[in-house]
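There are 2 protein chains.
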Amino acid sequence: MKKKTGKPPRETARRRHPGRVRVEDVARAAGVSGATVSRALNRSGPVSEDIRKRIERAVLDLGYVPNGAARALASHRTRAIGIVVPTLKNANFAVTAEAAEGRLVEEGYTFLVATNSYSTSRESDLIQSLAAHGIDGLILVGAQRDPAILRFLDARGIPYVVTWTLARGDVPSVGFDNTEAARRLASHLLDLGHKQIGVIAGLTGSNDRAAARLAGVRQALGERGLELSQELLIERPYRIAEGQIALGALLDRAPPLTAIVCGNDQLAFGALIECGRRGIEVPDELSIVGFDDLEFSSQIKPALTTIHVPAAEIGVRAAEYLLAKIAGRPAPVTTTVSVSLIVRESSSPPRTAA
Amino acid sequence: MKKKTGKPPRETARRRHPGRVRVEDVARAAGVSGATVSRALNRSGPVSEDIRKRIERAVLDLGYVPNGAARALASHRTRAIGIVVPTLKNANFAVTAEAAEGRLVEEGYTFLVATNSYSTSRESDLIQSLAAHGIDGLILVGAQRDPAILRFLDARGIPYVVTWTLARGDVPSVGFDNTEAARRLASHLLDLGHKQIGVIAGLTGSNDRAAARLAGVRQALGERGLELSQELLIERPYRIAEGQIALGALLDRAPPLTAIVCGNDQLAFGALIECGRRGIEVPDELSIVGFDDLEFSSQIKPALTTIHVPAAEIGVRAAEYLLAKIAGRPAPVTTTVSVSLIVRESSSPPRTAA
DNA sequence: CGACGTCATGTAAGCGCTTGCACAAATTCG
DNA sequence: CGAATTTGTGCAAGCGCTTACATGACGTCG
Numbered sequence: 001m002k003k004k005t006g007k008p009p010r011e012t013a014r015r016r017h018p019g020r021v022r023v024e025d026v027a028r029a030a031g032v033s034g035a036t037v038s039r040a041l042n043r044s045g046p047v048s049e050d051i052r053k054r055i056e057r058a059v060l061d062l063g064y065v066p067n068g069a070a071r072a073l074a075s076h077r078t079r080a081i082g083i084v085v086p087t088l089k090n091a092n093f094a095v096t097a098e099a100a101e102g103r104l105v106e107e108g109y110t111f112l113v114a115t116n117s118y119s120t121s122r123e124s125d126l127i128q129s130l131a132a133h134g135i136d137g138l139i140l141v142g143a144q145r146d147p148a149i150l151r152f153l154d155a156r157g158i159p160y161v162v163t164w165t166l167a168r169g170d171v172p173s174v175g176f177d178n179t180e181a182a183r184r185l186a187s188h189l190l191d192l193g194h195k196q197i198g199v200i201a202g203l204t205g206s207n208d209r210a211a212a213r214l215a216g217v218r219q220a221l222g223e224r225g226l227e228l229s230q231e232l233l234i235e236r237p238y239r240i241a242e243g244q245i246a247l248g249a250l251l252d253r254a255p256p257l258t259a260i261v262c263g264n265d266q267l268a269f270g271a272l273i274e275c276g277r278r279g280i281e282v283p284d285e286l287s288i289v290g291f292d293d294l295e296f297s298s299q300i301k302p303a304l305t306t307i308h309v310p311a312a313e314i315g316v317r318a319a320e321y322l323l324a325k326i327a328g329r330p331a332p333v334t335t336t337v338s339v340s341l342i343v344r345e346s347s348s349p350p351r352t353a354a
Numbered sequence: 001m002k003k004k005t006g007k008p009p010r011e012t013a014r015r016r017h018p019g020r021v022r023v024e025d026v027a028r029a030a031g032v033s034g035a036t037v038s039r040a041l042n043r044s045g046p047v048s049e050d051i052r053k054r055i056e057r058a059v060l061d062l063g064y065v066p067n068g069a070a071r072a073l074a075s076h077r078t079r080a081i082g083i084v085v086p087t088l089k090n091a092n093f094a095v096t097a098e099a100a101e102g103r104l105v106e107e108g109y110t111f112l113v114a115t116n117s118y119s120t121s122r123e124s125d126l127i128q129s130l131a132a133h134g135i136d137g138l139i140l141v142g143a144q145r146d147p148a149i150l151r152f153l154d155a156r157g158i159p160y161v162v163t164w165t166l167a168r169g170d171v172p173s174v175g176f177d178n179t180e181a182a183r184r185l186a187s188h189l190l191d192l193g194h195k196q197i198g199v200i201a202g203l204t205g206s207n208d209r210a211a212a213r214l215a216g217v218r219q220a221l222g223e224r225g226l227e228l229s230q231e232l233l234i235e236r237p238y239r240i241a242e243g244q245i246a247l248g249a250l251l252d253r254a255p256p257l258t259a260i261v262c263g264n265d266q267l268a269f270g271a272l273i274e275c276g277r278r279g280i281e282v283p284d285e286l287s288i289v290g291f292d293d294l295e296f297s298s299q300i301k302p303a304l305t306t307i308h309v310p311a312a313e314i315g316v317r318a319a320e321y322l323l324a325k326i327a328g329r330p331a332p333v334t335t336t337v338s339v340s341l342i343v344r345e346s347s348s349p350p351r352t353a354a
């Protein structure tokens, strides 16, 4: 009795969710076909004003919510954009991500976020997983990664854009030249007359922006015939407490420094705090400069001389690049956002030169 | 010639992506059926060791990446979890989000993030849109929102959990009692002997945690027969600069205060900075306490007395709650994380009482 | 005024995967 | 040693949409 070898058209749907409203229901309620509903909802084809109204009514009445999976499967577009940042704990990336998200939500996109803790291998895994889940575009931070993963994205036709740096070649990017900015920052100190300059950099091994910034400092020194001895350089993760430690280490091991360039504002803030603890006057005895211009940088005492980076703009521009790419519109491969040196209270001529 | 009225089986796929590998391809390469491939990849049915190996080989050889949309459509599960936070600029939420993401990625989930800028109406829209895109669970912040949106989630069978506060009734939540914590914080000041206490709160109209914290302060005062006059209260957004402004306003308009309770550490930091500018000694002339224990709070000078909140733990626990719910495992409706009062340098007995 | 565009809709074929059911083969048991 | 499981696989029916193509109903011209 239970063996109808014919083709028993299995009840209805296998496990269709009970009261879930589908296009077909909306169509029936509006007295049209599913195709028309789809066209009306996506503006993907002509629909008479009258019918459009009826459909909208039906959508509201029934509380219809489209099924993204079905939509994505049929249209080959997920209306989702992914982003992989090192960490959200760094306000820079949080701001960039939030700005991108805002712009994308405006366009009806969903935003997938993943953090790689500055690990490129982890990044590759995350990208794979985002691609598997389905994304129409991807925002990345930094230019350092396994080229294979970019090839993978190209092969799948997923547009991507690198941020917070300018990428070489044909890799799309929106950012700025970290080396040049750091060079300018260090030059500011050199212009003031500093010669004994120490550096607290980020971890250049896993962070190409940190490496570029360090290179910029070296470049500035080189231009004046100076060189950064290994002793005057210390690399630490971007954390306030690390800045404190680093400052202590630098001062203990080094000849009398008159200025310190920090890889970012957190490190600089830590250095500033440690100076406070040690009773070192900034900038009178020691000038300290940071990079990024975080929220607190302008408020603290002494206010920090730093490089201002438009983190939100980076996010918005990256989002817009992808939006353009997805729509088939032309978009510049490289977008440069302008950073600027903000001279505040933490830097001044060295005492001896004063 | 182009009008075959019969049923022309349209070339092949309408616009199947060119070289995209599908289960069928893997199946063919492994010499099995697609069903078996699916079962092997999802461990959703018995597959002999031998065949499993062959399939894994084929997956690697062909570079197969499953199509999430198809998978979601067929299985009714998206393997994605969403989160809606007020903003990522507040390190608290960034940390909670990142912690949740980490836990979820471990389980193979994707993480969708949206920010509502403290607007409940915007939150409703975002939730709708996340639901449309497809999520298996949702993390929310705060308990204040249109109840209809929760009913919507219930109706769609999407489990959710509220964080950073304890929700009433049967709404799942992982957090702590903001009122009680703030009461303890204010009591600390009262215990020290303070009587003239001012408050710089967050915006209580759009932020139920801020409102709860303010209520806690009022409660502590009430217990000692004190009352918070309108003059001694000022509400500002959670920003450093706002804390500065608020401190100034409070001091200008109010009778000699000996202590100020701030709605969070950013506000407290701003207040501290303003004290520095005005030459007010903290804590000698004025005690200032914050809430949240952000990264900088323990480092600044004077180190901030505040309430420590395990932001990352909140994220992890919220993720675990959803994971359990999705798996059909039992999970506690309410999870309380413990917060603690951290007394540092910014609070001391009032000078007059000393 | 009939041959042609145009415009608005409907029809139905998938999108790439999961999974209920059927069934053959390998085990176990009475 | 045949019946009753217990595997391990394959078949094929969808999941809920989008969209190529077909179809009528109307103008519009030559």
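So the protein lines, in turn, are chains A and B.
Per the UniProt record's numbering, the first sequence runs over residues 1 to 354.
Per the UniProt record's numbering, the second sequence runs over residues 1 to 354.
Beta carbons are placed, not taken as given, at the ideal position from N, Cα and C, and that holds for glycine.
- Query: With C-beta atoms as the reference, is Asp146 of chain B less than 9 angstroms away from Thr120 of chain B?
  - Reply: yes
- Option in A:Ile135, A:Pro255 and A:Leu214 with minimal Cα separation from Asn264 of chain A: A:Leu214
- Can you check whether the CB of Ser348 of chain B is closer than 9 angstroms to the CB of Ser287 of chain B? yes
- Item | Residue burial classification, Thr96 of chain B (beta-carbon count within 10 angstroms, cutoff 16) | buried
- Query: Leaving out the 5 sequence neighbours to the left and right, which residues in its chain are closer than 7 angstroms to Val316 of chain A when beta-carbon positions are compared?
  - Reply: Ala99, Ala100 and Arg103
- Task: Taking all protein chains shown into account, decide if Ala311 of chain B is buried (16 or more other Cβ within 10 angstroms of its Cβ) or exposed.
- Result: buried
- Task: Examine chain B for any beta-carbon lying closer than 9 angstroms to the beta-carbon of Arg20 of chain A, and answer yes or no.
- Result: yes
- Query: Where does the unbroken beta strand (DSSP E) through Thr306 of chain B begin, and where does it stop?
  - Reply: Thr306 to His308
- Rounded Cβ spacing between Val289 of chain A and Thr305 of chain A (contact assumed at less than 8 angstroms): 5 angstroms
- Query: When you compare only the Cα positions, how much space is there between Leu62 of chain A and Ile55 of chain A?
  - Reply: 10 angstroms
- Would you kindly work out how many angstroms separate the C-alpha atoms of Lys3 of chain A and Ala35 of chain B, rounded to a whole number? The predicted model places Lys3 of chain A with a pLDDT of 34, which falls under 50 and marks its position as unreliable; any figure quoted below should be read in that light. Distance between the alpha carbons of Lys3 of chain A and Ala35 of chain B: 22 angstroms.
- Closest residue to Gly169 of chain B among B:Leu150, B:Val47 and B:Arg183 (Cα-Cα distance): B:Leu150
- Item | Ala201 of chain B - containing beta strand (DSSP E), residue span | Ile197 to Ala201
- Proximity winner among A:Asn92, A:Asn178 and A:Arg57, relative to Gln219 of chain A (alpha-carbon distances): A:Asn178
- Query: Taking only beta-carbon atoms, is Thr5 of chain A less than 9 angstroms away from chain B?
  - Reply: Low confidence applies here, because Thr5 of chain A scores a pLDDT of 36, under 50, leaving its location unreliable and the question unanswered by this model.
- Message: Does Leu62 of chain B come out as helix, strand or coil in the three-state DSSP assignment?
- Response: helix
- Item | Lys301 of chain B: contacting residues in chain A (beta-carbon distance under 9 angstroms) | Ile273, Gly276 and Arg277
- beta strand (DSSP E) segment containing Glu235 of chain A, residue limits: Leu233 to Glu235
- Could you tell me if Arg183 of chain A is buried or exposed, where buried requires 16 or more neighbouring beta carbons within 10 angstroms of its beta carbon? buried
- With a 10 Å radius around its C-beta and 16 neighbouring C-beta atoms as the bar for buried, classify Asp208 of chain A as buried or exposed. buried
- Query: What's the gap between the Cα of Val309 of chain B and the Cα of Ser340 of chain B?
  - Reply: 7 angstroms
- Per DSSP, cross-strand counterpart(s) of Cys262 of chain B: B:Ile200
- Query: Straight-line CA distance for residue 355 of chain A to Val47 of chain A?
  - Reply: Look at the range of chain A in this structure, 1 to 354, and you will see that residue 355 of chain A is not part of it.
- Item | Endpoints, alpha helix (DSSP H) assigned at Ile81 of chain B | No alpha helix (DSSP H) contains Ile81 of chain B, which is instead part of the beta strand (DSSP E) from Ala80 to Val85.
- Whole-angstrom Cβ separation of Ala94 of chain B and Leu88 of chain A, contact assumed at under 8 angstroms? 4 angstroms
- Message: By alpha-carbon positions, which one of A:Ile314, A:Pro256 and A:His133 ends up nearest to His76 of chain A?
- Response: A:His133
- Kindly identify the DSSP beta-bridge partner or partners of Gly222 of chain A. Answer is none; Gly222 of chain A lacks a bridge partner.
- Task: For the UniProt domain "HTH lacI-type" (21 to 75) of chain A, list the alpha helix (DSSP H) runs that are entirely contained and at least 4 residues long, ordered along the chain.
- Result: 23 to 30, 34 to 42, 49 to 62 and 68 to 75
- Excluding the five sequence neighbours on either side, which residues of its own chain have a C-beta within less than 8 angstroms of the C-beta of Val343 of chain A, listed in chain order? His188 and Thr305
- Query: Which residues in the same chain have their Cβ closer than 8 angstroms to the Cβ of Ser44 of chain A, if we skip the five residues on either side of it in sequence?
  - Reply: Ser38
- Beta carbon of Ala40 of chain A nearer than 9 angstroms to that of Gly82 of chain A: no
- Rank B:Leu247, B:Tyr109, B:Pro159 and B:Leu267 by C-alpha distance to the C-alpha of Tyr238 of chain B and give the top, closest one. B:Leu267
- Task: Check Phe111 of chain B in the structure and name its three-state DSSP category.
- Result: strand
- Query: Relative to the alpha-carbon of Leu257 of chain A, which residue among A:Arg277, A:Ala241 and A:Asp284 has its alpha-carbon at the smallest distance?
  - Reply: A:Asp284
- Message: What does the Cβ neighbour count give for Gln299 of chain B, buried or exposed, with the cut at 16 atoms within 10 Å?
- Response: buried
- Measure from the C-beta of Gly108 of chain A to each C-beta in chain B and report whether the shortest distance is under 9 angstroms. yes
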